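Presented below is the structure to which this report refers.
In my numbering, the protein residues as written are 7 to 165.
Structure, rendered in structure tokens:
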């Protein structure tokens with residue numbers, strides 16, 4: 007889990023969320039994914055033409071869509087087209103949260119990991135008990151709770 011003391015963040019200028027999941031399916035599988043922004047739209051639970059919206063394993067969570075990581079991995083290339091944001095959390099843990107935790111969105115046109123992290127993003131990562139996080143648009147931001155995980159991402163992206 008990401009905490010204030012264990013937040014490992016990186017920015018990959020030429021990568022997308024779909025490419026990350028294609029190269030690192032472990033990044034989402036085994037977890038639930040809270041989609042807080044799709045194609046610049048934060049109301050992902052109302053997204054009308056997505057491939058997973060009406061899938062039996064996905065749920066609405068306030069204005070957001072939540073789906074198992076396996077489903078996200080299966081449809082990543084269709085689902086993510088840029089300016090997307092996803093928080094990866096332990097299975098079912100989101101049911102104990104309030105959707106109001108997400109007050110803002112940090113797709114990469116707003117915040118790059120090569121600069122200081124916005125305090126509200128750090129707050130949201132910790133309050134949501136996120137295990138991992140990724141957002142794209144103008145490159146790709148990735149956050150993990152351990153140095154080993156961010157190293158795995160860096161290695162996959164470097165190849």
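A virtual CB, placed ideally from N, CA and C, is assigned to each residue, including glycine. This one's a predicted model, so the numbers in the text were calculated from it and none came from an experiment.
- In this structure, the CA atom of residue 14 is about 6 Å from the CA atom of residue 156.
- Look at residue 29 here: in three-state DSSP terms it is helix.
- Just so you know, the alpha carbons of residue 146 and residue 17 end up roughly 6 Å apart.
- Scanning its chain for C-beta atoms nearer than 6 Å, with the 5 sequence neighbours on each side dropped, one finds around residue 23 the residues 86, 90, 140 and 142, in chain order.
- If you draw a straight line from the Cα of residue 126 to the Cα of residue 80, it is about 31 Å long.
- Nearest neighbour of residue 10 by Cα position, chosen from 131, 159 and 163, turns out to be 131.
- Here residue 71 carries a strand assignment [DSSP, helix/strand/coil].
- Using a Cβ distance threshold of 8 Å, residue 38 and residue 92 do not count as a contacting pair.
- With contacts defined as CB atoms closer than 8 Å, residue 41 and residue 50 qualify as a contacting pair.
- Taking residue 97 as reference, the option from 151, 8, 158 and 135 with the minimal CA-CA separation is 135.
- Boundaries of the beta strand (DSSP E) harbouring residue 140: 138-142, taken from the DSSP string.
- The continuous beta strand (DSSP E) containing residue 40 extends over residues 38-43.
- Taking the C-beta atoms as reference points, residue 72 is found nearer than 8 Å to residue 64.
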